[in-house]
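Notes to accompany the following structure.
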Amino acid sequence: MRSDYALVLNVADIAIADDDDPPVSVLGAEATVTVSPEAVTKSGIASARPSIVPWRKLVPAYGYVLNATQLITLVSDYADMKARLESMQAQQTLARAKLDRDKGLYRDRQNISQEQFQETTARFQSNSAMVKAEQVRVNNALNIIRQQFGSVISDATEKNTIFITQLLQQQVVLVKVTLPPDTDLPTPPSQADVTDYGNTGGHGTMLHYLSPVTMTDPAIQGRSFFYFASAESQLVAGMNVSVLLPTEEERPGIRIPASAIIWLQGKSWIYRDNGHGKFTRLPLTTDVPDREGGYLIQDTPGQITHETQIVVGGTQLLLSEEFRAQLESGGDDD
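Here it is in structure tokens:
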């Protein structure tokens, strides 16, 4: 069982309110613990209302951290070809100037021989042919990038933007984000959150939108987008991650602090303070991690709202008392 807090008090110090109130009553998956006011004070059990935050509907998606070696190679090859082309174009400019000069010398006073003029002409024509051939190679290299990675990345390559520089210096990583097949987003969000690093349990990495993906993932058959993140984000090529994409639909939400959360059998729970020493354990959705710790949830009438008093201190004591009371109840039945 994972816990944000260690148990530091003796659960035997928690008293039951009275003989008429059962210490634990179970309603479905929820359990209510009854504790005397004196025990609440002595044990440091504290409650508070959660803070209100903007909450947007989130779309879960599949993320895959790409190996950017192929793209880096294509971009590097394009840069080399373009450099050669620019060098050839510079030589072509000089060859054109020499041809124009020799043409004037030959026609006006024949200060150069016909053979010299023909050599200059042949050199210019040869340079022109090489420039055209290299231009074709440059265009083909750019088209390959466009076909495989889209026009946004090919345009960035052509303009040698800051993103391309960061890519070549391995300062950013590319993530392909794919929607479930029955889900669509009219406009992909400019930012998205990585909520899980496979088996590492990490979350909270920000992704930045780059462009649509030109080819559909055959395994998922959903729309895909390229996002990128800092190379310092611990995202590694080949890693499968869970991603949440925010929509434009905004609703009221609440922040559940880490101190309020307990983990039991792989699930997360909080205790609601019902008043008069009664505390009910409720399931908590952990789809949206909060960068300050804890989780963000939608304001849910009848369950957890911004008016709900939740336990933010002493949650492990309540859970331990719940277990102890259940064991004692089971022993009485024997």
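Residue 257 in numbering that gives the first Met the number 0 sits at position 258 of the sequence shown; the count goes up by one each step and never skips.
Positions of the beta carbon are idealized from the N, C-alpha and C atoms, including for glycine.
Nearest to I71 by alpha-carbon distance, out of T304, P187, Q315 and L141, is L141.
Residue pairing for N142: DSSP places it in no beta bridge. Judged by their CB atoms, Q90 and N126 are nearer to each other than the 7 Å cut-off.
When DSSP reads this structure, R122 sits in no beta bridge, so it has no partner. L244 is a Cβ neighbour of A191, given a cutoff of 7 Å. When V172, T119, G313 and R55 are compared, the shortest CA-CA separation from E249 is found for R55. D154 and L317 have their C-alpha atoms spaced approximately 59 Å apart. Inclusion of P59 and I253 in the CB contact set at 7 Å is not warranted, their separation being larger than that value. By the beta-carbon neighbour count (other beta carbons within 10 angstroms, threshold 16), G62 is buried. Counting the other CB atoms within 10 Å of its CB gives G293 a total of 16 or more, which places it among the buried residues. When C-alpha distances from L209 are compared across L178, L98 and F224, the shortest belongs to F224. Listed in chain order, the beta strand (DSSP E) elements of length 3 or more contained wholly in the stretch 251-275 are 261-263 and 266-274.
The beta-carbon distance between R280 and Q308, rounded to whole angstroms, is 14 Å. This is too long to meet the 8 Å contact definition.
Residue ranges of uninterrupted alpha helix (DSSP H) with 4 or more members, entirely inside the stretch 128-187 and ordered along the chain, are 150-158 and 161-167.
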